[in-house]
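Residue numbers (my numbering), protein chains in the order written: chain A, 469 to 909; chain B, 83 to 588. Below: one structure, written as structure tokens.
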Amino acid sequence: MTGGESERPAAGGRWGSEGAADATGAFQWDSDSAAAAALAALPGIGPTSLRSLLVAAGSPLSAWEQVREGRLRRPEPRGGARGVPWAVATAGVDLSERAAALRSGGMAVTWIGRPEYPCRLAGDDEAPAVLFWRGSLDGLDGRCVAVVGTRRCTPDGRAVAAELGRELADAGVCVVSGLALGIDGAAHRGAVGSGRRGATVGVAAGGVDVPYPRSHASLWGDVVVVGAVLSESPPGVAAQAWRFPVRNRVIAGLADLVVVVESHAGGGSLITVDAALARGIEVRVVPGPVHSPASAGTNRLLMEGAGPVRCAADVLDALGDLRPSPPLSYRRSAASRRGLAAPLPQRPVPLSQPAFPSQPAFPSRPAFPSQPAAPSTKAGTCGALDPTTAAVLDAVGWQPVTLNTVLLRSGLGLAAVAAALDELAAHGLVADERGWWQRCG
Amino acid sequence: MFATVSSAILLGVDGCAVSVEVHVGGGLPSFTIVGLPDLTCREARDRVRAAVTNSGFTWPGHRITVNLAPTAVRKAGSGLDLPIAIAVLAADGKLDARLAAGVAFFGELGLDGSLRRVAGILPLVAAATGPAVVVPVSCAAEARLPRRHRVLPAASLRNVVDALRGEAEWVQVPDVPLVPPRSATEDLRDVRGQAVARMAVEVAAAGGHHLLLVGPPGAGKTMLARRLPDLLPPLTPEQALEVTKVHSAAGVELPPGALVLRPPFRVPHHSASMVALIGGGSGAIRPGELSCALHGVLFLDELGEFPSDVLDALRQPLEDGRVVVARARASLALPARCLLVAAMNPCPCGGDGAPGGCRCSERARERYASKVSGPLLDRFDLRVGVDRPEITELLPGADARAESTDVVARRVAAARERARQRGVPTNADLPGNRLDEAAPVDEAAARLLELRLRQGRLSARGLHRVRRVARTVADLRGWDGAVQEEDILTALALRIEPFAHQEQAG
Chain A
469 MTGGESERPA AGGRWGSEGA ADATGAFQWD SDSAAAAALA ALPGIGPTSL RSLLVAAGSP
529 LSAWEQVREG RLRRPEPRGG ARGVPWAVAT AGVDLSERAA ALRSGGMAVT WIGRPEYPCR
589 LAGDDEAPAV LFWRGSLDGL DGRCVAVVGT RRCTPDGRAV AAELGRELAD AGVCVVSGLA
649 LGIDGAAHRG AVGSGRRGAT VGVAAGGVDV PYPRSHASLW GDVVVVGAVL SESPPGVAAQ
709 AWRFPVRNRV IAGLADLVVV VESHAGGGSL ITVDAALARG IEVRVVPGPV HSPASAGTNR
769 LLMEGAGPVR CAADVLDALG DLRPSPPLSY RRSAASRRGL AAPLPQRPVP LSQPAFPSQP
829 AFPSRPAFPS QPAAPSTKAG TCGALDPTTA AVLDAVGWQP VTLNTVLLRS GLGLAAVAAA
889 LDELAAHGLV ADERGWWQRC G
Chain B
83 MFATVSSAIL LGVDGCAVSV EVHVGGGLPS FTIVGLPDLT CREARDRVRA AVTNSGFTWP
143 GHRITVNLAP TAVRKAGSGL DLPIAIAVLA ADGKLDARLA AGVAFFGELG LDGSLRRVAG
203 ILPLVAAATG PAVVVPVSCA AEARLPRRHR VLPAASLRNV VDALRGEAEW VQVPDVPLVP
263 PRSATEDLRD VRGQAVARMA VEVAAAGGHH LLLVGPPGAG KTMLARRLPD LLPPLTPEQA
323 LEVTKVHSAA GVELPPGALV LRPPFRVPHH SASMVALIGG GSGAIRPGEL SCALHGVLFL
383 DELGEFPSDV LDALRQPLED GRVVVARARA SLALPARCLL VAAMNPCPCG GDGAPGGCRC
443 SERARERYAS KVSGPLLDRF DLRVGVDRPE ITELLPGADA RAESTDVVAR RVAAARERAR
503 QRGVPTNADL PGNRLDEAAP VDEAAARLLE LRLRQGRLSA RGLHRVRRVA RTVADLRGWD
563 GAVQEEDILT ALALRIEPFA HQEQAG
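As structure tokens, then:
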């Protein structure tokens, strides 16, 4: 039970300075931050009422005291049933205990006006009053690019997102995204792969200690190591559906530029786009095949005037960074794109070969380098594909297709196609998901 | 007065000899059956009494006690009507008991004395020890299958008594020629534009590997599965007798000539209960669809719609090759060796399931996928996607090269012969500790397997399964040597993860 004045620490008085040994670094929990965390967890409190509470009281601790004493009350709900009064909800809450729990979970908190609070959000009309995070927010001091998109993405979309994440992180940009399945997760993974400190920040809808989706628990851990997981929801809160669109404004607000990799018509990432446009933040789009449902939303944005990006270099360009930085990354992605755009098989595809040659049904594989090819750069392999592999690559195409379609299009036997796909996948030229194959790179 | 007559009852798929003892003695007129009869069996009292009266005999006006020995076994069904009636007549002195000696009687009685067929005549007759059996006319062909007894077909109770006395003839039932074991209407040639699925069906038939077909409605999953039994070799005489026995006991309609020669194809609906699928039951233990598919194909269409407890109950029997039904009094085993073929949609919306292409939410997809448990999914050595065929493939003249069932069945038979020479019926039966000897892999193939294991794309259990399938693939192309890289690649290509998230791919 927190007492009155007697327990308020003197300026600079801090609780448990030893508790900051984890990724959250040097964050020090004091009575103000504990009060901020406790206020954010009040029942029925939203970003707006929390902000006005803090503004009215001046500091979180003073707001907490006034709430406890009943001087600041829960707003009357409009016609709805009354909830638990705040004075009741705060009774029995021990701020130091709560701070200790959050500290041991490696969590930190900040609010508008604090030095840790991201400056991009500080001027926002809908800025979150309080932000929780795990990890380090250092990445937000530099350039930030949001890479967002659909959860139901294609293998190529996933590959593009991962490539953008990796190369942007390598170029010193912090990759901001939403930690969701699909594009978001791939962008984070790509950025994590760079290993650079401050490479990525994930904005969660629920509490920063409640990984959602659960399959991404390990990704959350990785993001915390190289960057931060950030949320305005208090710790322990589940990711309810309404929190996702609200969260998207934070993603947009943190970014200098929003890149949408793949989005269905009416997809959730379009909410992020709206939020970005409302804030005057530029939106760029990765073009997709016109028949791909997963690119319907992004292609519409293109039609409506959003600029296209193909690779990290284009994004850096859009950021006003005309230096190809770092040059190596720029060259590599440009080269790989050139390699894939060129017609690969110079020799005609052997269309005359029947799908099922005469017996036996399992034709022996044509002459084919059987040693598992050593991983090499994409640009290096493109020219060196043998005709069978090139024909299979052509048959796969840029839209997801099943193995059966590859067989019928290429006219080759299963063993030959399986071998070619295996080699192509080893070079990262095709990817498969649930039995569907697609070119990527 | 006392008489005893032999018969048999069904326990699962086997017969158990029963002697029906009747005592007609003094006391108030009554008719009691003892010896653990169940409800249908106790109803025999009324049927037998009416049938005897309506066949022109007078019902003995004494105290009649029927005992069914051995008394510890529960008796179910109406098959004991005829032996009870004959025993009553013999005990009452209407029929010379010596005429019924060495003859076993089977059949249900109508109130008019007519003799009706009962399920399980084949196992019942097989359990009869005497030299002759009396059966209903419609069961005559089935009763001849064990070839150990003189089969005496009869149309009614009066017919039985008169024929025993030598006053009438037994009904003459001519032998029915056995049907050719192949369906005339379903040929693999008709399956258009399904190169991968056709090969999966061929490998499944050759190696006995369970097969999962994943594809949108209308892609031809059922069509493919229906053509599978004809790819399997016709049943051997022993297998045919075994399958006929199960079908007879389960009350499945038998083909003309009574002997099942074509590998069975069973399609239980997804509303089937656990008992209907696995076997069991509250009274007499009855074989389920799993046992009925013995040496054939059990096809579970819409796998995701089956209750998950029913599906999980399939796992153990599929491994063991038999279902053990345990009861308080006894437990008995039912056969369960079959090829499991299942079909399901890739996602609940009925679309083709292309990544990024369907409207289902991630949660809806997960819920759908979770209906098939991981361990059950693991039982399917072969998992392939089935596309809706492209329109050009459906037009006349397209895909004219497609092989017919005959051609593929010949390759399947040759591959199975190779497995037999290794001492197993099919490659799917190769035990894990014999894989290195029976299905060695060459150097390149070993490297590929190691790579997949290290990438985490193959589990230890999956490794064994892939090696067995690869052995079958090699057998099908006529290769007896070590399994090569291309065989492993083919086996891996026929084993997709239909519901996995590939979040690691990024």
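Cβ atoms here follow ideal geometry from the backbone N, Cα and C, with glycine treated the same way.
With contacts defined by Cβ atoms closer than 9 angstroms, valine 104 of chain B and valine 155 of chain B do not form a contacting pair. Counting other Cβ atoms within 10 Å of its Cβ, glutamate 567 of chain B reaches 16 or more and is therefore classed as buried. Pairing arginine 536 of chain A with threonine 558 of chain A gives a Cβ-Cβ distance under 9 angstroms.
Around the beta carbon of histidine 656 of chain A, 16 or more other beta carbons sit within 10 angstroms, so the residue counts as buried. For the beta strand (DSSP E) assignment, the uninterrupted runs of no fewer than 3 residues enclosed by the segment 93-137 of chain B are, from N- to C-terminal side, 96-107 and 112-116.
For isoleucine 578 of chain B, the nearest CB of chain A lies under 9 angstroms from its own CB, placing it at the interface with that chain.
If the five residues before and after proline 142 of chain B are omitted, its C-beta is found closer than 6 angstroms to the C-beta atoms of Val106 and Asp174, all from its own chain and listed in chain order. For the segment 871-883 of chain A, the beta-carbon criterion of a distance under 7 angstroms to any beta-carbon of chain B is satisfied by Leu871, Asn872, Thr873, Leu875, Leu876, Leu882 and Ala883. Rounded to whole angstroms, the Cβ separation of alanine 764 of chain A and histidine 732 of chain A is 6 angstroms, and the two are in contact under 8 angstroms. In this structure, DSSP gives aspartate 890 of chain A a helical state, which the three-state scheme calls helix. Boundaries for methionine 575 of chain A: no alpha helix (DSSP H) harbours it, while the beta strand (DSSP E) harbouring it runs 575-579, taken from the DSSP string. For proline 776 of chain A, there are no neighbours in chain B by C-beta distance under 8 angstroms, as the nearest C-beta there is about 19 angstroms away. In the three-state DSSP reduction, valine 278 of chain B falls in the helix class (H, G or I).
Sequence-distant partners of leucine 206 of chain B (beyond 5 residues in either direction) whose C-beta falls short of 7 angstroms from its own C-beta, in its chain, are Ala90, Leu92, Gly97, Gly161 and Phe188. In this structure, leucine 118 of chain B places its C-beta atom within 9 angstroms of the C-beta atom of leucine 150 of chain B. A Cβ-Cβ separation of about 13 angstroms leaves tryptophan 497 of chain A out of contact with arginine 582 of chain A under the 8 angstroms criterion. The beta carbons of proline 338 of chain B and leucine 260 of chain B sit closer together than 9 angstroms.
In the structure shown, glycine 775 of chain A adopts extended strand secondary structure according to DSSP, grouped into three states.
Only Pro428, Asp434, Gly435, Ala436, Pro437, Gly438, Gly439, Cys440, Arg441, Cys442, Ser443 and Glu444 from the segment 415-444 of chain B bring a Cβ to less than 9 angstroms from some Cβ of chain A.
Residue A:Leu649 holds the alpha-carbon nearest to the alpha-carbon of proline 679 of chain A among A:Ala774, A:Val874 and A:Leu649.
Excluding residues up to 5 positions away in sequence, Ala863 lie with their Cβ nearer than 8 angstroms to the Cβ of threonine 873 of chain A in the same chain. The straight-line gap separating the alpha-carbon atoms of proline 757 of chain A and glutamine 867 of chain A is approximately 8 angstroms. DSSP places serine 760 of chain A outside both helix and strand once states are collapsed to three, so it counts as coil. Linking proline 437 of chain B to threonine 618 of chain A through their CA atoms gives a straight-line distance of about 11 angstroms. Against chain A, a Cβ distance below 7 angstroms from phenylalanine 188 of chain B picks out nothing, because the smallest value is about 49 angstroms. Within the model, the alpha-carbon separation for glycine 302 of chain B versus arginine 907 of chain A is close to 27 angstroms. A buried status is given to arginine 240 of chain B, since no fewer than 16 other beta-carbon atoms sit within 10 Å of its beta-carbon. Against chain A, the beta carbon of aspartate 469 of chain B has neighbours under 8 angstroms at Thr870, Asn872 and Thr873, listed in chain order. Between the segment 631-651 of chain A and the segment 714-732 of chain A, the count of Cβ pairs shorter than 8 angstroms is three or higher; the stretches touch.
In the three-state DSSP reduction, tryptophan 904 of chain A falls in the strand class (E or B). With respect to leucine 876 of chain A, glycine 275 of chain B sits close: the two C-beta atoms are nearer than 9 angstroms. Taking 7 angstroms as the Cβ-Cβ cut-off, the segment 554-572 of chain B approaches chain A at Val555, Leu558, Arg559, Gly560, Glu567, Glu568, Leu571 and Thr572, given in chain order. Note on geometry: alpha-carbon atoms of histidine 377 of chain B and arginine 344 of chain B lie some 9 angstroms from one another.
Taking 8 angstroms as the upper bound for CB-CB distance, valine 130 of chain B and isoleucine 166 of chain B are in contact here, some 5 angstroms apart.
Contact annotation for leucine 574 of chain B against chain A: Ala886 and Asp890 [CB-CB distance below 9 angstroms, chain order]. Scanning A:Ile749, A:Leu725, A:Leu738 and A:Pro623 for the CA closest to the CA of leucine 784 of chain A turns up A:Leu725.
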